[in-house]
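Asks: To start, I am sharing the structure in question, which I have written as structure tokens.
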Amino acid sequence: MDMKKENDSTHKILSDSQNDAGTSEKIIQEVTSSDYKYGFVTDIETDIIPTGLNEEVVRLISEKKGEPEWLLDFRLKAFAHWKTLEMPHWAHLDIPDIDYQAISYYAAPKKKESPKSLDDIDPELRSTFNKLGISLEEQMKLSGIAVDAVMDSVSVKTTFKEKLAELGVIFCSFSEAVKDYPDLVRQYLGSVVSYRDNFFAALNSAVFSDGSFVYIPKGVRCPMELSTYFRINAANTGQFERTLIVADDDSYVSYLEGCTAPMRDENQLHAAIVEIRAHERAEVKYSTVQNWYPGDKEGRGGIYNFVTKRGLCKGDHSKISWTQVETGSAITWKYPSCILAGDNSTGEFYSVAVTNNRQQADTGTKMIHLGKNTRSTIVSKGISAGYSQNSYRGLVRVSPDADNARNYTQCDSLLLSDHCGAHTFPYMDIKNDTAVVEHEATTSKINEDQIFYCNQRGISTEEAVGLIVNGYAKEVMNKLPMEFAVEAQKLLQITLEGSVG
Amino acid sequence: MNNAARQYIDLLQKNRALFDEHAAPVLNALRDEALAALKQNGLPDKSREEFLHTDVSQFFAPDYGVNAARVNRVNNPQEIFRCDVPDLKSRLFLFAGDTLCPTPKPRQLPQGVIACSLREAALAHPDLVARHYGRAARLDDGTTALNTALAQDGFFLYVPQNTTIEEPLQLVNIMHGKQDFMAVRRLLIVLEAGAQVRLLSCDHTLDKGKFLVSQVAEIFVGENAVFDYYDLEESTLETRRVSSAFIHQAAGSNVLVNGITLHNGCTRNNYYVSLDGEGAETRLCGMAVADKRQVIDNYTFIDHRAPQCTSNELFKYVLDDMATGVFNGRILVRQGAQKTSAMQTNRNLCSTKEAHIYTQPQLEIYADDVKCSHGATVGQLDNNALFYMRSRGIPEAEARTLLRVAFTHDVIDMVRIEELKERLRQLVEKRFRGTLDKCAGCRICQ
Chain A
0 MDMKKENDST
10 HKILSDSQND
20 AGTSEKIIQE
30 VTSSDYKYGF
40 VTDIETDIIP
50 TGLNEEVVRL
60 ISEKKGEPEW
70 LLDFRLKAFA
80 HWKTLEMPHW
90 AHLDIPDIDY
100 QAISYYAAPK
110 KKESPKSLDD
120 IDPELRSTFN
130 KLGISLEEQM
140 KLSGIAVDAV
150 MDSVSVKTTF
160 KEKLAELGVI
170 FCSFSEAVKD
180 YPDLVRQYLG
190 SVVSYRDNFF
200 AALNSAVFSD
210 GSFVYIPKGV
220 RCPMELSTYF
230 RINAANTGQF
240 ERTLIVADDD
250 SYVSYLEGCT
260 APMRDENQLH
270 AAIVEIRAHE
280 RAEVKYSTVQ
290 NWYPGDKEGR
300 GGIYNFVTKR
310 GLCKGDHSKI
320 SWTQVETGSA
330 ITWKYPSCIL
340 AGDNSTGEFY
350 SVAVTNNRQQ
360 ADTGTKMIHL
370 GKNTRSTIVS
380 KGISAGYSQN
390 SYRGLVRVSP
400 DADNARNYTQ
410 CDSLLLSDHC
420 GAHTFPYMDI
430 KNDTAVVEHE
440 ATTSKINEDQ
450 IFYCNQRGIS
460 TEEAVGLIVN
470 GYAKEVMNKL
480 PMEFAVEAQK
490 LLQITLEGSV
500 G
Chain B
0 MNNAARQYID
10 LLQKNRALFD
20 EHAAPVLNAL
30 RDEALAALKQ
40 NGLPDKSREE
50 FLHTDVSQFF
60 APDYGVNAAR
70 VNRVNNPQEI
80 FRCDVPDLKS
90 RLFLFAGDTL
100 CPTPKPRQLP
110 QGVIACSLRE
120 AALAHPDLVA
130 RHYGRAARLD
140 DGTTALNTAL
150 AQDGFFLYVP
160 QNTTIEEPLQ
170 LVNIMHGKQD
180 FMAVRRLLIV
190 LEAGAQVRLL
200 SCDHTLDKGK
210 FLVSQVAEIF
220 VGENAVFDYY
230 DLEESTLETR
240 RVSSAFIHQA
250 AGSNVLVNGI
260 TLHNGCTRNN
270 YYVSLDGEGA
280 ETRLCGMAVA
290 DKRQVIDNYT
300 FIDHRAPQCT
310 SNELFKYVLD
320 DMATGVFNGR
330 ILVRQGAQKT
340 SAMQTNRNLC
350 STKEAHIYTQ
360 PQLEIYADDV
370 KCSHGATVGQ
380 LDNNALFYMR
390 SRGIPEAEAR
400 TLLRVAFTHD
410 VIDMVRIEEL
420 KERLRQLVEK
430 RFRGTLDKCA
440 GCRICQ
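From first to last, the protein sequence lines stand for chains A and B.
Residue numbers for the first sequence follow numbering that gives the first Met the number 0, beginning at 0 and rising by one.
Residue numbers for the second sequence follow numbering that gives the first Met the number 0, beginning at 0 and rising by one.
The following block contains the structure:
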């Protein structure tokens, strides 16, 4: 962090170095004044347990959810391990101290019984979803997407479950899965991300409240895109959801995850785990559009998004693909990764990370090549504006047995102001002589020739910047499913409203 | 703090008077601060991000002899002298480990130039040395703190304003002797505005013993000055080397650093370049050819502090057998360092399954009007090129050698001393053909 201090001092000396284009000054002004579109609070009665974390709380969460003994054991083991750990500090992030005792670890919308149909759902809750633009009815009728809406940790309603059940696809909340498919959950829980993995994985494993569970049986191609919407609603509650996706031999699934949170003063902690397991010839596509509350212009409030996401390509010829559009959160700290264990397996990572104001992001991926003929592709696009810090950190590791591994990495950064930072920290550990690994990174500001060209043809600077940024991110946006791509594009524009059109 | 550091702290505390007696007050003045830094940080092991792949504290773990009493270990310098660059007309300085040997018939240097042992300079020009000594070296790195705590002598070069030294200066550093030995060497180089110098530093090991070289170079390059620094190593498997160069560049200066490791044991090179003035330009390149169990770890840090500076970095590794290569290249562009252009390239050839390469380029950018890029690749020789050559009657082994030589050429092409360039080409080719060990002057194979 001493780098930060030094940086501040240079900032003092050089802060008068003006941006020559007066328009961009104005544009930046507009950005900083743009408001968080999703900032509203829903008044739903929530059942919150007191703040603090100890063994009792872990037991209480487990009890409230009526969990079997083995799961309580898992939680307690994780909690015992978590107590031995210290919060890591290696990331290029300035994280204020987090008081883990000041957080409430469980908040569930109060419900007498689980909803039977849409009518049973709290009208408030439904209008929240409507505001978010994911009305369940619409989703069901029009887009054919099965939505599992997780609001403050407990899954409210999963749509299309019956239809999926016909194919044998299991798509339900994690608690339901624990009740209905305990064997499956027990078999795969923690098999990709162990509770010993890291500080936040241990914390999540101890206190996770809910999440989604997906199981695609052998040979089934999931007919629709599965979607979950996470939203943090109650103040001072951390959200600790857990997603487990298992794709059996020859299956395919595309999974979408979207996140928003209302405006809050205090920072809220979000430490989720996503585990994906792809068996022989299975393919899983995981897409995220993350738009948690980023805090205000001064960096007050906002979500801390510390997530462990990892996919295991267990079987030969399997494939896991991560696509993420990160526009929100005060601090984003995550590395969706692929362990390419099966021969001929493929891992992909496509990411657009946008930071504005005082946002910080340290994100990237890890590609661990273990099997023979494994391939991985990494495309990361960072866009920083305002006073934000945006880092790409990635690891490509080729183990001695991973013959003929191939990796291509490209990470580009775009800088939109002279107060922000864009950083790249790639790691390449190559232990096999047949590996071919390539890494390219560039950092630059928007090309003035391109803006001039647009201006010349009657396109305003604002629009031109929008065009250029969208073109810049296109490579990643194209990887998103249609329904999401539209939303993601909108988000990109809202986040950088003014400065990039 | 690790045990490796402990033995040196004890050594210094017990023999403090001896160290002080055989050094100059300017050097002694920094000992306490360096010792405190060493006590606090210890010697770096893998727990530090910058040393992730090489446990440098292990280099220091054995109990080497330190020549604190400055006993003259060489009676006849000619006996140990060895230079692998024939035809090179240079002003020569010969180091036996850490002691500068008197040179017979020294060539005349331009007026005002001071080139002598650091101890001599510190006694004759205490103000000049004190103004620069210890000003660039960063004590937060345990190896530099250790060097500063133990340093007694080294090399000092001062080039006055607008003075050009036409002939390259050459430091030949020889590690020799029957006993295990640790050389603590310190280089202090000051170029005033408009000065021009080329410095070639060659490290050789003559004998089979265990040797450790700890070298810290502090280099101050004044406005519009031009400085070339060629840092060559050709040592043995039992040699450990930790070398740090701290370079400060004023406005308009031009620096070329070329670190070439042809044969070594375990080596850690740190190159810190700080671009302090507008329009400064740096070319930092390096090359390593390693086989057996050699370890070569290059760490570079280019700090763009001023606007309109240019840095260009190129590092290439050819790894064979069970060799390990590490490249960690950090580029920092500070706020206000607009119009910066920073390019970094790292290319690696791995020839066996057991050869490991860890590469870690890093860009940290806090200014927006910049052009920065880095590229890193790990791969093998191009099969098409191999096939092409074989189809024209070139045997496979020969074709491989040719391609490898070609691979390293662009680093050698950066060299701005013709004789050296030519010699390096030959040496690299010999190295790839496996005949380098048998070169003249080497006592090991005789």
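By construction, the Cβ of each residue, glycine as well, lies at the ideal position given by its N, Cα and C atoms.
Just so it is clear, the structure is predicted and the values come from calculations on it, not from any experiment.
Assuming B:T339 is part of the beta strand (DSSP E), what are its boundary residues?
Replies: Residue 339 of chain B sits at position 340 when you count from the first residue of the second sequence. Its beta strand (DSSP E) spans residues T339 to C349.
Asks: According to the Cβ coordinates, are B:R118 and B:A3 closer than 7 angstroms?
Replies: On the second sequence, residue 118 of chain B is found 119 positions in, with the first residue counted as 1. On the second sequence, residue 3 of chain B is found 4 positions in, with the first residue counted as 1. Contact: no.
Asks: Among A:S174, A:T322 and A:H316, which one has its Cα closest to the Cα of A:G257?
Replies: Position 258 of the first sequence holds residue 257 of chain A. Of A:S174, A:T322 and A:H316, the residue nearest in Cα terms is A:T322.
Asks: Does any residue of chain B have a CB that is nearer than 7 angstroms to the CB of A:D182?
Replies: Taking the first residue of the first sequence as position 1, residue 182 of chain A is located at position 183. No, no contact with chain B.
Asks: Is it true that the stretch 243-252 of chain B meets the stretch 155-165 of chain B, where meeting means three or more beta-carbon pairs spaced less than 8 angstroms apart?
Replies: Cβ pair count under 8 angstroms is below three, so no.
Asks: Keeping to the same chain, check which residues put their C-beta closer than 7 angstroms to that of A:A487; ignore five residues upstream and five downstream.
Replies: Stepping through the first sequence from its first residue, residue 487 of chain A is reached at position 488. Excluding positions up to five away in sequence, the list reads V288, V324, M476 and L479.
Asks: Output needed in chain order: residues of the stretch 370-388 of chain B with a Cβ under 9 angstroms from some Cβ in chain A.
Replies: Flagged, chain order: K370, C371, S372, H373, G374, A375, T376, V377, G378 and Q379.
Asks: Leaving out five residues on either side along the sequence, give the residues of the same chain with a beta carbon under 6 angstroms from the beta carbon of B:M286.
Replies: Along the second sequence, read from residue 1 onward, the residue named residue 286 of chain B stands at position 287. Closer than 6 angstroms at Cβ, skipping near neighbours: I259, K315, T407 and V410.
Asks: Please list the partners that A:E474 has in chain B, where partner means a Cβ-to-Cβ separation under 8 angstroms.
Replies: The residue labelled residue 474 of chain A in the question sits at position 475 within the first sequence. In chain order: nothing, as chain B lies at least about 17 angstroms away.
Asks: Using a 10 Å radius around the Cβ and a threshold of 16 neighbouring Cβ atoms, would you call B:A405 buried or exposed?
Replies: Here residue 405 of chain B is taken as the residue at index 406 of the second sequence, counted from 1. Answer is exposed; the Cβ neighbour count stays below 16.
Asks: Would you kindly report the start and end of the unbroken beta strand (DSSP E) that includes B:R90?
Replies: Working through the second sequence from its first residue, we reach residue 90 of chain B at position 91. Start and end: R90 to A95.
Asks: With a CB to CB cut of under 7 angstroms and the five nearest residues on each side skipped, what residues in its chain are close to A:W69?
Replies: Residue numbering aside, residue 69 of chain A sits at position 70 when the first sequence is read from its first letter. Result list for A:W69: R185, in chain order.
Asks: Put B:F447 into one of helix, strand or coil per three-state DSSP.
Replies: Past the boundaries of the shown model lies residue 447 of chain B; chain B is included only from 0 to 445, so the question cannot be answered.
Asks: Who are the Cβ neighbours of B:T344 in its own chain at under 6 angstroms, not counting the five residues just before and after it?
Replies: Start at 1 with the first residue of the second sequence, and residue 344 of chain B comes out as number 345. Correct list, in chain order: L313 and G374.
Asks: Check A:K178 in the structure and name its three-state DSSP category.
Replies: Taking the first sequence and counting its residues from 1, the one referred to as residue 178 of chain A is at position 179. A:K178 falls in the helix class under three-state DSSP.
Asks: Which residue comes first and which comes last in the alpha helix (DSSP H) that contains B:F386?
Replies: Working through the second sequence from its first residue, we reach residue 386 of chain B at position 387. Note, B:F386: alpha helix (DSSP H), N382 to S390.
Asks: Could you check what DSSP says for A:Y471 in three-state terms: helix, strand or coil?
Replies: Locating residue 471 of chain A in the first sequence gives position 472, where the first residue counts as 1. Note: A:Y471 maps to helix in three-state DSSP.
Asks: Between A:D179 and A:F212, what straight-line distance do the alpha-carbon atoms span, to the nearest angstrom?
Replies: Numbered from its first residue, the first sequence carries residue 179 of chain A at position 180. Numbered from its first residue, the first sequence carries residue 212 of chain A at position 213. Roughly 11 angstroms between the two C-alpha positions.
Asks: Start and end of the beta strand (DSSP E) containing A:E224?
Replies: Along the first sequence, read from residue 1 onward, the residue named residue 224 of chain A stands at position 225. Careful: A:E224 lies outside any beta strand (DSSP E) and carries neither H nor E.
Asks: For B:D320, which residues from the same chain have a beta carbon less than 7 angstroms from its beta carbon, with the 5 sequence-adjacent residues on both sides left out?
Replies: Residue numbering aside, residue 320 of chain B sits at position 321 when the second sequence is read from its first letter. Cβ neighbours of B:D320 beyond the five flanking positions: D290, K291, T351, E353 and A354.
Asks: Tell me which residues of the stretch 180-203 of chain B have at least one Cβ-Cβ distance to chain A shorter than 8 angstroms, keeping chain order.
Replies: For the stretch 180-203 of chain B, which is checked against every Cβ of chain A, not one residue is closer than 8 angstroms.
Asks: So which residues of chain B does A:E437 contact, with C-beta pairs closer than 9 angstroms?
Replies: Here residue 437 of chain A refers to the residue found at position 438 when the first sequence is read from its first residue. Within chain B, the residues near A:E437 are G374, A375, T376, V377 and G378.
Asks: Nearest chain A C-beta to B:I411 closer than 7 angstroms, yes or no?
Replies: Here residue 411 of chain B refers to the residue found at position 412 of the second sequence. No, no contact with chain A.
Asks: Beta carbons nearer than 9 angstroms to chain B: which residues of the stretch 420-437 of chain A have them?
Replies: If the cut-off is 9 angstroms between Cβ atoms, the stretch 420-437 of chain A has G420, A421, H422, T423, F424, P425, Y426, M427, D428, I429, K430, N431, D432, T433, A434, V435, V436 and E437 near chain B.
Asks: For A:G218, which residues in the same chain have their Cβ closer than 6 angstroms to its Cβ, ignoring the five residues on either side in sequence?
Replies: What you label residue 218 of chain A is simply residue 219 of the first sequence in a count that begins at 1. Result list for A:G218: D249, in chain order.
Asks: My output table needs one value for B:H21: the three-state DSSP class, helix, strand or coil.
Replies: Position 22 of the second sequence, counted from the start, is the residue given in the question as residue 21 of chain B. In this structure, B:H21 counts as coil in the three-state DSSP scheme.
Asks: Report the CB separation of B:A398 from B:M388 in whole angstroms; it is logged as a contact under 8 angstroms.
Replies: Residue 398 of chain B sits at position 399 when you count from the first residue of the second sequence. Residue 388 of chain B sits at position 389 when you count from the first residue of the second sequence. About 4 angstroms; that satisfies the 8 angstroms criterion.
Asks: Which value, in whole angstroms, describes the spacing of the CA atoms of B:M413 and B:E421?
Replies: By 1-based counting over the second sequence, the position of residue 413 of chain B is 414. By 1-based counting over the second sequence, the position of residue 421 of chain B is 422. So the alpha carbons of these two residues sit roughly 12 angstroms apart.
Asks: Rounding to the nearest angstrom, what Cα-Cα distance links B:A121 and B:A144 in this structure?
Replies: Translated into positions along the second sequence, residue 121 of chain B becomes position 122. Translated into positions along the second sequence, residue 144 of chain B becomes position 145. Those two C-alpha atoms are separated by around 19 angstroms.
Asks: Buried or exposed, going by whether 16 or more other CB atoms sit within 10 Å of the CB of B:L11?
Replies: Taking the second sequence and counting its residues from 1, the one referred to as residue 11 of chain B is at position 12. The residue in question, B:L11, is buried, as its Cβ has 16 or more Cβ neighbours within 10 Å.
Asks: Note down, in chain order, every chain B residue with its Cβ under 9 angstroms from the Cβ of A:L415.
Replies: Here the question's residue 415 of chain A lines up with position 416 in the first sequence. Here the neighbours are D367.
Asks: If you measure between the beta carbons of A:A201 and A:H88, is that distance less than 7 angstroms?
Replies: The residue labelled residue 201 of chain A in the question sits at position 202 within the first sequence. The residue labelled residue 88 of chain A in the question sits at position 89 within the first sequence. Cβ atoms of A:A201 and A:H88: not closer than 7 angstroms.
Asks: Quick one, which residues of the stretch 376-405 of chain A are near chain B if we go by CB-CB under 7 angstroms, in chain order?
Replies: Within the stretch 376-405 of chain A, the qualifying residues are P399.
Asks: Nearest-angstrom Cα distance between B:G208 and B:R30?
Replies: Here residue 208 of chain B is taken as the residue at index 209 of the second sequence, counted from 1. Here residue 30 of chain B is taken as the residue at index 31 of the second sequence, counted from 1. When rounded, the distance between both Cα atoms is 29 angstroms.
Asks: Can you check DSSP and say which residues form a bridge with A:E274?
Replies: Stepping through the first sequence from its first residue, residue 274 of chain A is reached at position 275. A:E274 pairs with A:L243 and A:R309.
Asks: Is the CB-CB distance between B:D126 and B:V183 below 7 angstroms?
Replies: The residue you call residue 126 of chain B lines up with position 127 of the second sequence. The residue you call residue 183 of chain B lines up with position 184 of the second sequence. Their beta carbons are not under 7 angstroms apart, which means B:D126 does not touch B:V183 by this criterion.
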